[in-house]
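When you line the sequence shown up against our numbering, it's residues 322 to 495, in that order.
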Amino acid sequence: MRDQIAREGDIAPGRVLPDAAIITAALEMPRTKKALTDITAFTGRSARRHMGAWLDAVHRARTLADSELPAPSTPGEGPPPANRWPDRDPAAAKRLAAARAVVAALADEHRMPTENLLQPEAVRRLTWEPPAQISDETVAERLRSLGARASGRSAWPPTPLAKALDRLETKGIL
């Protein structure tokens, strides 16, 4: 439900409802609006606006068979938390810093939040495991494979990201 609302509003899912709220709701399985609003994250303006949808989602989840529930993600999928990168892979940490600066500059230019321009997870994955050959095409393909939203593609040409990663590689930082 959160992803659907985020797509319709072209906003980051975490801005619609934090992950922690979904986890708490899944653990507590509230049956009433009152019980749902007792979960702190469901008291925000955005969460209250969609209260009926959240409660419907919890009710639908309650009726699902175990085999229909999503499989838990396996630990180790994707990069580690960014705060551990300097120790685990200093070159990746430098790529991430450079990519974040590029995305922030583009977001400022387009007057939009960075996460609406390009999802932070796509930036992290791109910089943790960049393409073997850095080019506009390979960076664009990697971003597409990471699920970068189509609605933002016109605002995130891969050229600035490719140039930033290529500069690091040229300087021997990668």
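The C-beta atom is built at its ideal place from N, Cα and C for all residues, glycine as well.
Residue i burial status per 10 Å Cβ neighbour count (16 or more: buried)
| i | result |
| --- | --- |
| residue 438 | buried |
| residue 480 | exposed |
| residue 492 | exposed |
| residue 448 | buried |
| residue 473 | Confidence is the limiting factor: at residue 473 the pLDDT is only 49, short of 50, which leaves the residue's position unreliable, though a coordinate-based value still follows. Under this definition residue 473 is a buried residue. |
| residue 482 | buried |
DSSP state of residue i mapped onto helix, strand, coil
| i | result |
| --- | --- |
| residue 372 | helix |
| residue 473 | Its pLDDT being 49, under 50, residue 473 is placed unreliably by the model, and the measurement read from it follows with that caveat. In the structure shown, residue 473 sits in a helix (DSSP, three-state: H, G or I). |
| residue 398 | coil |
| residue 410 | coil |
| residue 481 | helix |
Spatially closest choice to residue i from the options, by CA coordinates
| i | options | result |
| --- | --- | --- |
| residue 341 | 323, 386, 481 | 323 |
| residue 465 | 449, 443, 448, 480 | 443 |
| residue 328 | 392, 372, 351, 440 | 440 |
| residue 380 | 422, 488, 416, 356 | 356 |
| residue 418 | 343, 404, 431 | 404 |
| residue 354 | 372, 401, 361 | 372 |
Within 8 Å, strictly: CB atoms of residue i and residue j
| i | j | result |
| --- | --- | --- |
| residue 436 | residue 333 | yes |
| residue 345 | residue 362 | yes |
Endpoints, alpha helix (DSSP H) assigned at residue i
| i | result |
| --- | --- |
| residue 344 | 340–349 |
| residue 324 | 323–330 |
| residue 385 | Unbroken run through residue 385: none, as it is neither H nor E. |
| residue 457 | 457–466 |
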